[in-house]
Amino acid sequence: MPASPFPVVAIIGILIGVLIGFFVRRARLCSFGAIESALAGGDWRRMKIFALALGIALGGTQILIAGGWLDPTKTTYVASRIPWLSIVIGALIFGLGMALVGTCAFGSLVRLGGGDLRSLVVLMVFGAVAYAVLRGSLSGLRIQFFEQWTLPAPGDGPSALNAWLKSVWGAGLALSLMLTAAATLILPTLLDRRLWKAPRLVTAGVVLGLGVIGGWLATGVFVDEFATNLRVQSLTFVAPVARTLFGVMIGGPEWFDFGVGTVIGVVAGAYAAARLADDFRWEAFDDAREMGRHLFGAAMMGLGGILAGGCTIGQSLTAGSLTAMSWPISSVGILLGARIGIVILVEGSLGEAIKSRVFRT
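Residues -10 to 350 in my numbering are what the sequence shown lists, from first letter to last.
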């Protein structure tokens, strides 16, 4: 494969970010909105779109792995041990924070592109806390406590389902099972006649899935590993947002990587979509209470996102495409945290939520 210089990889990240930001903004697709609609309203259409994205990402990624073009062990998602406590606690915290903000980090970037200044504040707090947990003052607590609670992957191999299946049943059958799972995830969208009338939603799901594959191609296939020490990565919006914030403050080309490129691209793509639809509007907090809720939620997302090793995109789609064993744990944790957050928002406070559930008549 031809080598891809460092700046080129970052530019590819921008292009991928522009595409997903543009189409997700046009479709009004939001991960928390999908969860809320499904769990509180019984409308699973947008969840099916995320399943579509995961199915596409899973199928394409598994083909890259089977062909020997992508090594999952060079990513941060597939290791020999699973930091289960960090993932469980982090996912719950992230999901709760997401509910308080009303969207995830990726959704905040999309909203920022549409003129939502609340999202700018959220992203600044989110990025600062995420960086503190990743490499700053809170990193010691993460490393010395949360990440010490680990479980070995089956057979002490890579912590990915496809690796375990390959060791048990062979590469051919493992790939067949992965492609069958991908098709199963895609099928609900194809069978939902209501989604046939929502081409923007379907397109957004397809672009998201292809974006994950594009990230693996850009950083794991088209890069000469002997020419650069670039980490293999794809779409995620926790550490890259933190790196973008830190890079803006201190400068330097070394911060301009694929992840930072996608952050910039998502905002630019969402801005283009908002302008094209004449939907760009400056928005701010209504009052101090709303601002406080957003700030608290942003801090929780920053803390939880790093502990969980990703967000609704980084874990639920990108790690899912690798069948990383952290993926189901984090996805369930985020869903549960978001559900608790929805109950708190409805009841007005955690205390009221507990009272209404415990003392319900």
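For glycine and all other residues, C-beta sits at the position ideal for the given N, C-alpha and C.
Minimum Cα-Cα distance from I302 among the listed residues F135, A23, L150 and A(-1) corresponds to A23.
Contact between G326 and L85 is confirmed by a C-beta separation of about 4 Å, below the 8 Å threshold.
Residue pairing by DSSP places P141 opposite R70 in a beta bridge. For the set A80, M167, L162 and F274, the Cα lying nearest the Cα of G104 is the one of F274.
For D105, the beta-bridge partners assigned by DSSP are E272. Judged by beta-carbon spacing, V67 lies within the 9 Å limit of S148, meaning their Cβ atoms are closer than that value. A187 carries a coil assignment under DSSP once its states are collapsed to helix, strand and coil.
A distance below 6 Å between beta-carbons, with the five flanking residues on each side excluded, links G250 to the following residues of its chain, in chain order: A(-1), G2 and I3.
Within the same chain, and ignoring the five residues on either side of L18 in sequence, the residues whose Cβ sits closer than 7 Å to its Cβ are R35, I38, L190 and A193. Assignment of beta-bridge partners to A313 by DSSP yields A149.
Linking N151 to A266 through their CA atoms gives a straight-line distance of about 42 Å. The continuous alpha helix (DSSP H) containing K37 extends over residues R34 to A55. For I253, the CB contacts under 6 Å within the same chain, skipping 5 residues up- and downstream, are I3 in chain order. Around the beta carbon of L311, a 10 Å sphere encloses 16 or more other beta carbons of the protein chains shown; the residue is thus reported as buried. Note that the C-beta distance between A187 and A16 is below 9 Å.
Three or more beta-carbon pairs separated by less than 8 Å link the region 76 to 93 to the region 277 to 288, which places the two stretches in contact.
A55 has its alpha-carbon roughly 9 Å from the corresponding atom of A163.
Between the region 204 to 214 and the region 168 to 186, the count of C-beta pairs closer than 8 Å stays below three; the two stretches do not touch.
About 6 Å separates the Cβ atoms of Q222 and G248, confirming a contact at the 8 Å cut-off. V332 has its alpha-carbon roughly 32 Å from the corresponding atom of L47. According to the DSSP assignment, P177 belongs to the alpha helix (DSSP H) that extends over A160 to L180. In the three-state scheme derived from DSSP, where H, G and I count as helix and E and B as strand, A266 is classed as coil.
Burial state of Q51 is buried, judged by a 10 Å Cβ sphere holding 16 or more other Cβ atoms. Scanning its chain for C-beta atoms nearer than 6 Å, with the 5 sequence neighbours on each side dropped, one finds around P229 the residues G248, V249 and V252, in chain order.
If the five residues before and after Q304 are omitted, its C-beta is found closer than 7 Å to the C-beta atoms of A297, G298, S315, W316, S319 and S320, all from its own chain and listed in chain order. L166 and K155 have their C-alpha atoms some 10 Å from each other. Under the 10 Å beta carbon count, F226 is surrounded by 16 or more other beta carbons and is classified as buried. The beta carbon of L59 lies closer than 8 Å to those of T50, L53, W205, G209, V210 and V221 in the same chain, with the five residues before and after it left out. In the three-state reduction of the DSSP assignment, Q222 falls in the coil class, being assigned neither a helical nor a strand state. Runs of the alpha helix (DSSP H) spanning 4 or more residues and lying entirely within the region 277 to 322 occur at 277 to 297, in chain order.
A distance of 9 Å or more separates the beta carbons of F115 and S128. By the Cβ test, the region 63 to 79 is not in contact with the region 171 to 181, since fewer than three Cβ pairs between them sit closer than 8 Å. By the Cβ-count criterion, T307 is buried, with 16 or more other Cβ atoms from all chains shown falling within 10 Å of its own Cβ. The shortest C-alpha to C-alpha distance from P72 to any of I132, W271, R100 and G200 is the one to I132. Taking the CA atoms as reference points, L197 sits about 22 Å from G291.
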